[in-house]
Amino acid sequence: MAKITNENAMQVAKGQPEKVPFWLDPKKRAIIYQIGVLCMVGLLAYYLVSNTLTNLERQSVATGFGFLNKESSFEIGESLIPYSAASSYGRALIVGALNTLKVAFIGIVATLILGTIVGVARLSTNWLVSKLASVYIEVMQDIPVLLQLFFWYAIFYETLPSPRQALNPIYGLFLCNRGVIFAVPESHPAHKYMILAFIVACAGVYLIRRWARKRQEQTGKIFPVFRVSAAMILGLPLLTWLIFGAPTKMDVPELRGFNFEGGLTLSPEFISLLLGLVLYTAAFVAEVVRAGIQSVGKGQREAALSIALRPNQVLNLVILPQALRVIIPPLTSQMLNLTKNSSLAVAIGFPDFVSVANTTMNQTGQSIEGVALIMAVYLIFSLSTSAFMNWYNKKVKLVER
Amino acid sequence: MEVYVQQKPVEVLKPPVTSIGVIGWVKSNLFNGWFNSLLTIITLYLLWKVIPPFVRWAFIDSVWRSTGKVCRNIDGACWSIIATNFRFILFGFFPYDQQWRPLIAILILFGLLFYSRDRNHWTKHLGYAWIIGLVVMGFLMRGGLFGLPSVEATKWGGLPLTLLLSIFGLTAAYPLGVLLALGRQSKMPTIRWMSVIYIELIRGVPLISLLFMGSFIFPLFLPEGMNFPTILRALVAIILFTAAYIAEVVRGGLQGMSRGQYEAAESIGLNYYLTMRLVILPQALKIVIPPTVSILISAFKDTSLVVIIALWDLLKTTQSVLSNPQWMGFSREAYLFVAILYFLGCFSMANYSRKLEKELSREN
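Those protein sequence lines, which keep their order, are chains A and B. Note that this note's numbering has the first sequence beginning at 1, numbered continuously upward. Note that this note's numbering has the second sequence beginning at 1001, numbered continuously upward.
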């Protein structure tokens, strides 16, 4: 043994490569392994696909996405774009996707607000408030979100009265088993211009921020960005409203026969889906916010105060940038969870994407295409979110010297 | 020079009554500052508005043993819906006179879980005990031997099904997840990319789409004549889903290992398999025990989704009781009961996870 090793060592010393049989060479072995794994996966895929094709042929189901152009012949309860039973399956699926986006968007905004409040309350020095917040977090996290959806839905269709005896807690707001109905401003040409003014204000704020930062870097002068931005965002639409003569007429819902007319109606399905998702996800967001705030050391605050920063500057320049770095990544994954959980709408009959796709699958028998579409839509959501995450992580990465 | 020496003992001043005892506690925890005082008063008012009516509804005005008709005439909660349908909610369509079998299976499971709480008990023998326990539980559910009548898997339901899906889902997903995590850390590009694609794909889609795949597409994947019961198809979907999440957790543990560990293992001549089995995985998996428990918690909660593909889990049996005309309209009571069951399960697991986390951080 020892002799051989010596010879090998001499060979290496002379600069001649050591002769290794190919099954012991790590590089070649890695290639063999990879080919092996690829072959196995390929065989499995071949087996599954060939089975599927035979089965489809036997059941005489046509493959492909041709069914998207066929007439759907089912109604959808709520839709953001014009839709009827005569529309195509493709349009029905778009309606579903828009409904998913609607729930996700409103849900995310509400969750962020509630979650932040609960998270801050959890850290409150007030014993009662902090205990209540922690009870909320614990209870909501430990009950399946689907059960919560069923619970809220049951509250709507069982506990709340019919439209005739609708609860009317404040003027213009009605609660009944047909949903929540509330007054909205009557449509007026001013509203279009107000939205326009809002967009202009947002663009203006963006430009002012850039200019102010540049000026501060060059001259050190501080511009009151926050106050000016707030004034612009609130003021411009308000000014437009005043120019148009301040229309204040409200469209108040009224009971006609068995149902309400006028106002804006949110269906029980939508409200219970939103309630369930928001209350559930807010508990997780609260934990994220708490962890983020606690991650900023006490010394940071003291140091900032000792260089004579004002309290709002301490918050904006020292605490928030550090806390947000910890908060944002888990927060985005919670937002994504909310979007994915909105697929549970199918259980309570809200027409989100999964629910519409499910109906489509049942009607056409195109289950493979249907499931593939569901997966594709959610993959687009999550991949774009992770792209944003990567960009953000790169942006806030600590620059170490 | 005059020296002054204190002769008498200094009188010890007690802190004022307002800063110690109950009053002091209340003052420093509830009424420090006007803002906190306002918060306390508002919170107390809200609690006063909510808790007494709830107690009245749930306990004082409630009925516990009656028919559905009696319930309709009272103001309080109708817990009779639970008391009357208790066994159906818990065991589903399992034959009535055989329901002691799932009960014993659940008790064995709880016993094993309780014994496994202490990490000092984690030995080889416990592993054998788990294997024997799982076999006995499977036998109790399935029957067909030793004079026990056999019960089809389609009749399994209620709590045993929920527990079965989460426990088997996690135990089967665990090795798969570890393999995927190792694959993701691998130096071989094909294997790494396949793992990455699998993990990201699964984590990007909701569980419900996988359950749909299980119930609609799996039958197409199989050759003609071969068919799985729905429970197994749902289980496969849950396993595939959970494995991706476990893989991410385990990857966290693997990334926490220092290079020195790999180098040390290499220097004593261990190959890849032995390095992983003897050096890396034992340490990495120990770090990730707490997050693994939280995956178990979410798997336990996620099993409720099988309602959507019409499996008779705890939630579905409850809903079926609620669709009985006699008990229609008592959803609040029924769902509260199920929520309490889920809460107890998740809360004890979460507590255990916190305890473990403390223990582990003390050791390191």
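Quick reminder that beta carbons are idealized off the backbone N, C-alpha and C, glycines included.
Separation of arginine 1259 of chain B from serine 1361 of chain B, as counted between CA atoms: Within the second sequence, residue 1361 of chain B is the residue found at index 361, counting from 1. Within the second sequence, residue 1259 of chain B is the residue found at index 259, counting from 1. Roughly 21 Å separates the two Cα atoms.
When the cut-off is 8 Å and only beta carbons count, does aspartate 142 of chain A lie next to chain B? Taking the first sequence and counting its residues from 1, the one referred to as residue 142 of chain A is at position 142. Yes, because at least one Cβ of chain B sits closer than 8 Å to the Cβ of aspartate 142 of chain A.
So does glycine 179 of chain A have its beta carbon nearer than 7 Å to some heavy atom of the ligand ADP? As far as ligands go, the structure on display features none, and thus does not contain the ligand ADP.
Going by C-alpha distance, which of B:Arg1142, B:Ala1334, B:Tyr1004, B:Pro1290 is nearest threonine 1084 of chain B? Here the question's residue 1084 of chain B lines up with position 84 in the second sequence. Taking only the C-alpha atoms, the option nearest threonine 1084 of chain B is B:Ala1334.
For the stretch 276 to 291 of chain A, list every residue whose C-beta sits within 9 Å of some C-beta in chain B, in sequence order. Answer in chain order: no residues at all.
Would you check if the distance between the CB atom of leucine 68 of chain A and the CB atom of tyrosine 83 of chain A is smaller than 8 Å? For the purposes of this step, residue 68 of chain A is identified with residue 68 of the first sequence, where counting begins at 1. For the purposes of this step, residue 83 of chain A is identified with residue 83 of the first sequence, where counting begins at 1. With respect to tyrosine 83 of chain A, leucine 68 of chain A sits apart: the two C-beta atoms are not nearer than 8 Å.
Taking the straight line between their C-alpha atoms, what separation do you get for isoleucine 4 of chain A and tyrosine 33 of chain A? Locating residue 4 of chain A in the first sequence gives position 4, where the first residue counts as 1. Locating residue 33 of chain A in the first sequence gives position 33, where the first residue counts as 1. Here the model assigns isoleucine 4 of chain A a pLDDT of 49, short of 50, so the residue's position is not dependable and the matter cannot be decided.
Inter-stretch contact (C-beta, 8 Å, three-pair minimum) for the stretch 231 to 250 of chain A and the stretch 182 to 200 of chain A: Three or more pairs of CB atoms, one per stretch, sit closer than 8 Å, so the stretch 231 to 250 of chain A contacts the stretch 182 to 200 of chain A.
Under 9 Å from the C-beta of glutamate 1224 of chain B: neighbouring residues of chain A: Here the question's residue 1224 of chain B lines up with position 224 in the second sequence. By Cβ distance, chain A contributes Asn51, Thr54, Asn55, Arg58.
Using DSSP with H/G/I as helix, E/B as strand and the rest coil, what is methionine 140 of chain A? For this step, residue 140 of chain A is matched to residue 140 along the first sequence. Shown here, methionine 140 of chain A sits in a helix according to DSSP, grouped into three states.
Assuming alanine 358 of chain A and valine 346 of chain A are in contact, meaning their beta carbons sit under 8 Å apart, how far apart are those beta carbons, in whole angstroms? Position 358 of the first sequence, counted from the start, is the residue given in the question as residue 358 of chain A. Position 346 of the first sequence, counted from the start, is the residue given in the question as residue 346 of chain A. Residue 358 of chain A is actually asparagine in this sequence, not alanine. The pair is a contact, with the Cβ atoms about 6 Å apart (cut-off 8 Å).
What residues in the stretch 346 to 371 of chain A have a beta carbon less than 8 Å from any beta carbon of chain B? Under the 8 Å Cβ criterion, the stretch 346 to 371 of chain A contributes Val346, Ala347, Val354, Asn358, Met361, Ser367, Ile368, Gly370, Val371.
At 9 Å on the CB atoms, spell out the chain A contacts of phenylalanine 1221 of chain B, in chain order. Indexing the second sequence from 1 puts residue 1221 of chain B at position 221. Neighbours of phenylalanine 1221 of chain B on chain A, chain order: Tyr47, Leu48, Val49, Asn51, Thr52, Asn55.
On the criterion of 16 or more Cβ atoms from any shown chain inside 10 Å, does alanine 376 of chain A qualify as buried, or is it exposed? For the purposes of this step, residue 376 of chain A is taken as residue 376 along the first sequence, with counting starting at 1. Exposed is the call here.
Out of B:Ala1243, B:Ala1105, B:Arg1065, point me to the one whose CA is closest to leucine 1163 of chain B's CA. Stepping through the second sequence from its first residue, residue 1163 of chain B is reached at position 163. The option with the nearest alpha carbon to leucine 1163 of chain B is B:Ala1105.
Restricting to runs no shorter than 4 residues, where is the alpha helix (DSSP H) found entirely within the stretch 1106 to 1180 of chain B? Counting only runs of 4 or more, we get 1124 to 1142.
Where the stretch 108 to 127 of chain A meets chain B: residues whose CB sits under 7 Å from a CB there: Hits within the stretch, in order: Thr125, Asn126, Trp127.
Mind checking proline 253 of chain A: buried by the 16 CB within 10 Å criterion, or exposed? Looking up residue 253 of chain A in the first sequence gives position 253. Buried.
According to DSSP, simplified to helix, strand and coil, what is threonine 1018 of chain B? Along the second sequence, one-based indexing puts residue 1018 of chain B at 18. Threonine 1018 of chain B carries a helical assignment under DSSP once its states are collapsed to helix, strand and coil.
Residues in the stretch 1076 to 1099 of chain B with C-beta within 7 Å of chain A's C-beta atoms, listed in sequence order? So nothing in the stretch comes that close.
Between tyrosine 33 of chain A and chain B, is there a C-beta pair that is closer than 8 Å? One-based indexing of the first sequence puts residue 33 of chain A at position 33. It does; some Cβ of chain B falls within 8 Å.
So alanine 1284 of chain B packs on valine 1250 of chain B, CB below 8 Å; how close in whole Å? Working through the second sequence from its first residue, we reach residue 1284 of chain B at position 284. Working through the second sequence from its first residue, we reach residue 1250 of chain B at position 250. Rounded to the nearest angstrom, the Cβ distance from alanine 1284 of chain B to valine 1250 of chain B is 7 Å, consistent with a contact under 8 Å.
Give the straight-line distance between the Cα atoms of phenylalanine 1330 of chain B and threonine 1318 of chain B, rounded to the nearest whole angstrom. Reading the second sequence from its first residue, position 330 is the one you call residue 1330 of chain B. Reading the second sequence from its first residue, position 318 is the one you call residue 1318 of chain B. Using only the alpha carbons, I get a separation of about 11 Å.
Contacting positions in the stretch 324 to 343 of chain A - beta carbon closer than 8 Å to chain B: The stretch 324 to 343 of chain A vs chain B, Cβ under 8 Å: Lys340, Asn341, Ser343.
Going by the beta-carbon positions, is the gap between serine 382 of chain A and alanine 104 of chain A smaller than 8 Å? The residue labelled residue 382 of chain A in the question sits at position 382 within the first sequence. The residue labelled residue 104 of chain A in the question sits at position 104 within the first sequence. Contact check for serine 382 of chain A against alanine 104 of chain A fails: the beta carbons are separated by 8 Å or more.
Hey, is isoleucine 106 of chain A's beta-carbon within less than 8 Å of any beta-carbon in chain B? Within the first sequence, the letter at position 106 stands for residue 106 of chain A. Taking Cβ atoms only, chain B never reaches closer than 8 Å to isoleucine 106 of chain A, which makes this a no.
Who pairs with phenylalanine 198 of chain A in a beta bridge, going by DSSP? Sequence index remark: in the first sequence, residue 198 of chain A carries index 198 (1-based). Beta-bridge pairing links phenylalanine 198 of chain A to no other residue.
Between which two residues does the beta strand (DSSP E) carrying leucine 175 of chain A extend? Locating residue 175 of chain A in the first sequence gives position 175, where the first residue counts as 1. Element bounds for leucine 175 of chain A: 173 to 176.
Assumed close pair valine 1306 of chain B, alanine 1234 of chain B - CB separation to whole angstroms, cut-off 8 Å: Looking up residue 1306 of chain B in the second sequence gives position 306. Looking up residue 1234 of chain B in the second sequence gives position 234. Confirmed, Cβ separation roughly 5 Å.
Measure from the C-beta of methionine 10 of chain A to each C-beta in chain B and report whether the shortest distance is under 8 Å. Taking the first sequence and counting its residues from 1, one reaches residue 10 of chain A at position 10. Low confidence applies here, because methionine 10 of chain A scores a pLDDT of 49, under 50, leaving its location unreliable and the question unanswered by this model.
So alanine 110 of chain A and valine 278 of chain A are in contact, right, with Cβ under 8 Å, and what is the actual spacing, rounded? The residue you call residue 110 of chain A lines up with position 110 of the first sequence. The residue you call residue 278 of chain A lines up with position 278 of the first sequence. Contact flag correct, Cβ pair sits at about 5 Å.
Mind checking tyrosine 1342 of chain B: buried by the 16 CB within 10 Å criterion, or exposed? Residue numbering aside, residue 1342 of chain B sits at position 342 when the second sequence is read from its first letter. Buried, since its Cβ has 16 or more Cβ neighbours within 10 Å.
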